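>
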Amino acid sequence: MPAHAAESAHRPLQVVPAACRLRAQVLAALARGADDSERTARRQAVIAVLDRVFADVQPDSIHAFESILNGCLDVGYRAEPLAAFVFEVLNRRWAARVRRRLARAGQDPHCDEVADLVAATAEAVHGLLRGACREQHSLRYALLLAIADHRTIDHLRRRRPEYRESMDDRSDGGAPWTLGTARHDPEQQMVRRQRLELARALRAAVLEAVNELPDAERAALVLVEIDGRGYDEIADALGVKRTDVGNLVRRARLRRDRTLMPLLRDIPGLEGHIGFGELQDQRALRLNMLRWTTEMGDGVCARCLHETHRLHTGDKGCVTRPAEAASAALAGAR
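Numbering-wise, the sequence shown is residues 0 to 333 according to numbering that gives the first Met the number 0.
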């Protein structure tokens, strides 16, 4: 199970304490009554959003967090207390993601820079909230967590220009590549380059295969592999029965794998069906292949994970899927 999924499963998101503080701040602003009618209406709408979520049987959940966040943004509330709410709920999980990234890069996961990177993440999220101006918002827990990953990757690259993270970017003994080794040993430099090229080619093939999925299957796969959500939450998010979620995920993986197999024939080093068989033997990778693509290099654009855009690496621009492809995908989902 992915690390953040295990965390979600065993440690429910602490939403209620932060939501209560947000509610108290909004009520205090209403009690002062010095603002114009538009601001008063927004604050009253926020209280209504919070009351609806508090009535949920599981308010300490990712679904509740997203409902409060997007509900507040939908009514035009982007004030400082909302950013404080997000920080209170997510700051420990941001810190966990930062430490994991640092450890994978061979850095001290308990260094003083963790707090700086969490603060940089909070600042980036605050900017995202201030700029949110859609009629209906769909910010996701996974997207906000991914910002901590990207801030840490940027930090590592500033310190070590040679650093390019991938799942294979380690020596055979499992130790991180050292700068001295990478710079002065031509043979290891070549091996490292080959591993990176192979990992990038595989990532591109996985994204291409996932982009061919019908919308419902793609959404289910993203929610289970990237967000780490349980079947009940996925059923609520997609508007399907809980018993249908497993079928959607299974069909998504089978369809993805069928599309992936011919793509692998063009990747040197994987040898088509043989290479695919080796990948399938690694159960952890097979069940989390999409998540793996988000954890190497620039990762995958987190925003497009939950849109109808084509999935792409973080260093490339967003591209909307062709209308006819989207229509065919919806027809397939039905």
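Every residue gets a Cβ at the ideal spot worked out from N, C-alpha and C, and that includes glycine. In this text, all values refer to a predicted model and were calculated from it rather than measured experimentally.
Pairing CB atoms from the segment 41-58 with CB atoms from the segment 92-101, are three or more of them under 8 angstroms?
no
> Could you check which residue in 255, 262 and 312 has the C-alpha nearest to that of residue 288?
For the residues 255, 262 and 312, the minimum Cα distance to residue 288 belongs to 255.
> Less than 7 angstroms between C-beta atoms, sequence neighbours within five positions excluded: which residues of the same chain meet that for residue 160?
Confidence at residue 160 is low in this model, with a pLDDT of 46, below 50, so the placement of that residue should be treated as unreliable; the coordinate-derived value is given next. Scanning its chain for C-beta atoms nearer than 7 angstroms, with the 5 sequence neighbours on each side dropped, one finds no residue around residue 160.
> May I have the straight-line CA-CA distance separating residue 185 from residue 13, to the nearest angstrom?
50 angstroms
> Going by beta-carbon coordinates alone, are residue 68 and residue 85 separated by less than 8 angstroms?
In contact: residue 68 and residue 85 (Cβ atoms closer than 8 angstroms).
> Going by DSSP, name the residue or residues bridged to residue 120.
In the DSSP output, where bridge partners are listed per residue, residue 120 has none listed.
> At the level of alpha carbons, what is the spacing between residue 36 and residue 208?
51 angstroms
> With distance defined between alpha-carbon atoms, name the residue in 115, 249, 153 and 129 nearest to residue 224.
249
> For residue 201, which of 311, 143 and 142 has the nearest alpha-carbon?
311
> Counting pairs of Cβ atoms below 8 angstroms between the segment 208-219 and the segment 129-137, do you hit three or more?
By the Cβ criterion, the segment 208-219 is not in contact with the segment 129-137, since fewer than three pairs of Cβ atoms, one from each stretch, lie closer than 8 angstroms.
> Could you tell me which residues DSSP pairs with residue 319 in its beta bridges?
308
> When burial is assigned at 16 or more other CB atoms within 10 Å of the CB, is residue 232 buried or exposed?
buried
> With H, G and I counted as helix, E and B as strand and the rest as coil, what does DSSP make of residue 299?
strand
> Helix or strand or just coil, what does DSSP make of residue 167?
Since pLDDT at residue 167 reaches only 40, below the 50 mark, its modelled position is unreliable, and the value read off the structure follows with that caveat. In this structure, residue 167 counts as coil in the three-state DSSP scheme.
> Where do the N-terminal and C-terminal ends of the alpha helix (DSSP H) with residue 69 fall, by residue?
61-73
> When burial is assigned at 16 or more other CB atoms within 10 Å of the CB, is residue 205 buried or exposed?
buried
> Would you kindly work out how many angstroms separate the C-alpha atoms of residue 148 and residue 99, rounded to a whole number?
Using only the alpha carbons, I get a separation of about 9 angstroms.
> By a C-beta neighbour count over all protein chains shown, 10 Å radius and 16 as the cutoff for buried, is residue 189 buried or exposed?
exposed
> Taking contact to mean 3 or more Cβ pairs, one atom from each stretch, closer than 8 angstroms, check whether the segment 52-60 and the segment 113-123 are in contact.
Touching, no, given that fewer than three Cβ pairs across the two stretches are closer than 8 angstroms.
> Go ahead and label residue 319 buried or exposed: buried means 16 or more other beta carbons lie within 10 angstroms of its beta carbon, across all protein chains shown.
exposed
> Can you look up residue 339 in the DSSP assignment and give me helix, strand or coil?
In the structure displayed, the chain extends from 0 to 333; residue 339 sits before or after that span and is not available.
> Kindly indicate if chain C contains any beta-carbon less than 8 angstroms away from that of residue 88.
The structure shown contains no chain C; it is built from a single protein chain.
> Taking C-beta to C-beta, are residue 65 and residue 139 nearer than 8 angstroms?
yes
> Secondary structure at residue 210, three-state DSSP: helix, strand or coil?
It is helical.
> For residue 149, does the three-state DSSP call read helix, strand or coil?
helix
> How far does the alpha helix (DSSP H) with residue 76 in it reach, from first residue to last?
Per DSSP, residue 76 belongs to no alpha helix (DSSP H) and is neither H nor E.
> For residue 24 and residue 136, I'd like the C-alpha separation in whole angstroms.
23 angstroms
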